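Encoded as structure tokens, the structure appears first; notes follow it.
Number of protein chains: 2
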Amino acid sequence: MKFAKLKNQLDLCIDQKNLRHSEQRYIILKALWEESDKHLSAEEIYDRVKQDEDIGIATVYRALKLFKSCNICKELRFNQNVSRYEIKYGTEHHDHLICVNCGKYIEVVDSKIEALQEQIAENHDFLLQNHKMELYGLCKKCQQEM
Amino acid sequence: MKFAKLKNQLDLCIDQKNLRHSEQRYIILKALWEESDKHLSAEEIYDRVKQDEDIGIATVYRALKLFKSCNICKELRFNQNVSRYEIKYGTEHHDHLICVNCGKYIEVVDSKIEALQEQIAENHDFLLQNHKMELYGLCKKCQQEM
DNA sequence: GTTGTTGCAAAAGGTTTGCATGTAT
DNA sequence: ATACATGCAAACCTTTTGCAACAAC
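Chains as they are written, first to last, in this note's numbering: chain A, 40 to 185; chain B, 40 to 185.
Given below as structure tokens:
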């Protein structure tokens, strides 16, 4: 997804709520977008953006809260300590392989699993509407570092 | 599950680790067990146990950490703020079929799915630690009522 | 000019830890 | 007697909030 499209989404939302278009929000959104293959935490976003600009951690949290309310990003909790954030791209993507250490994630699509899920629901007379599957573990890099 | 069985599980684990059998641990375990249809937080457990006995919140946290390491309970995070704990009965139960209307849930264990999950992790050089699969839909009863 | 936004520092809220005391073995 | 376990309070860590200065409209 192009950043311009994401920015546009944010601008729309800001207009709708009658808020102001601030440079900081764009910077924070861009950081999230640039590292969208990871799930950055607020702290990690802060570390990225404070280098170039003078942005406080409070602003990062406030921007993330705004993005959530705009449905631009989503808050996740893999381990007990830190919230991580991901950009919500258009459609839902249900299946993830997630590194519990660095937050890296890989989307997984496996038709055999999808079929089995359907089967399981059917066996219990459930009408399946949606699903979520998350596999937690250590990615290769984090395994080596430990 | 009878409390005696749970207590026994704890005793075994305590022996294995060469720790001491303390009354506080049993009291905390019992509180968790008595409210096992809820997911209590550390604070809620503390509120329950401090009435009868003089137990500190630190002891509750320490006991919960022990229980986790004994595989007797599991830490969950539904909302962003508080950890909640549930007793792990016997086998692992990661997979749920959840009715989006009435909240009913069924535990699902499917070895074919488990095997596929392992396979997927392996394909991506992940060391799998845990997983969560939730299938959302309408249960039979809610389908009929609609 | 008005009102939302920011950075800072202080506070909040949940969890952990240091320490002297207590207790199971 | 020797660790381990405890309660208390302080520390810790992430997140939120109050406030005066600032910036967008």
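We treat Cβ as the ideally placed atom computed from N, Cα and C, and that holds for glycine. Values in this document were obtained by computation on a predicted structure and should not be read as measured data.
- Secondary structure note for Arg64 of chain B: it is in no beta strand (DSSP E), and the uninterrupted alpha helix (DSSP H) holding it is 62-73.
- Interface residue (Cβ-Cβ distance to chain A less than 9 Å): Gln63 of chain B is not classified as such.
- Cβ-Cβ separation between Ile66 of chain B and Glu92 of chain B: approximately 6 Å, consistent with a contact (criterion under 8 Å).
- Taking the beta carbon of Cys109 of chain B as reference, no residue of chain A falls within 9 Å; the closest one sits roughly 18 Å away.
- Taking a contact to require three or more Cβ pairs closer than 8 Å, the region 145-155 of chain A and the region 110-124 of chain A do not qualify as touching.
- With fewer than 16 other Cβ atoms from the protein chains shown falling within 10 Å of its own Cβ, Glu62 of chain A counts as exposed.
- The beta-carbon distance between Leu136 of chain B and Ile159 of chain A, rounded to whole angstroms, is 7 Å. This is short enough to meet the 8 Å contact definition.
- Listed along the chain, the chain B residues whose CB falls inside 7 Å of the CB of His163 of chain A are Leu136, Ile145.
- At a cut-off of 9 Å between beta carbons, Lys171 of chain A contacts chain B.
- A distance of 9 Å or more separates the beta carbons of Ile84 of chain A and Leu105 of chain A.
- Checking the DSSP bridge columns, you'll see His133 of chain B has no partner listed.
- Contact annotation, Leu79 of chain A with Tyr124 of chain A: C-beta distance approximately 6 Å; criterion of less than 8 Å satisfied.
- Only Glu114, Arg116, Gln119, Ser122 from the region 112-125 of chain A bring a Cβ to less than 7 Å from some Cβ of chain B.
- Of the other Cβ atoms in all chains shown, fewer than 16 fall within 10 Å of the Cβ of Met40 of chain B; this residue is therefore exposed.
- Looking from the CA of Gln182 of chain B, the closest CA among A:Phe165, A:Asp50, A:Asn169 belongs to A:Phe165.
- Collapsing the DSSP output to three states places Cys52 of chain A in a helix.
- Between the C-alpha atoms of Cys52 of chain B and Leu68 of chain B there is a straight-line separation of about 13 Å.
- Residues Asp50, Ile53 of the same chain have their beta carbon placed closer than 7 Å to that of His60 of chain B, with the five preceding and five following residues left out of the count.
- Close partners of Ala160 of chain B in chain A (Cβ separation under 8 Å): Leu136, Leu174, Gly176.
- Using a Cβ-Cβ cut-off of 7 Å, Leu79 of chain B is close to nothing in chain A; its nearest Cβ partner there is about 16 Å away.
- Annotation: Asn57 of chain A is outside any alpha helix (DSSP H) and is labelled neither H nor E by DSSP.
- Per DSSP, reduced to three states, the secondary structure at Glu146 of chain A is strand.
- About 16 Å separates the CB atoms of Trp72 of chain A and Leu115 of chain A; that is not less than 8 Å, and the two are not in contact.
- Straight across, the Cα-Cα distance linking Lys143 of chain A with Ala43 of chain B is about 42 Å.
- About 4 Å separates the beta carbons of Asn169 of chain B and Tyr175 of chain A, which is inside the 8 Å limit, making them a contact pair.
- Taking a Cβ-Cβ threshold of 9 Å, the residues of chain B close to Leu166 of chain A are Gly176, Leu177, Cys178, Lys179, Cys181, Gln182, in chain order.
- Approximately 6 Å separates the beta-carbon atoms of Asn140 of chain A and Leu177 of chain A; this is inside 8 Å, confirming the contact.
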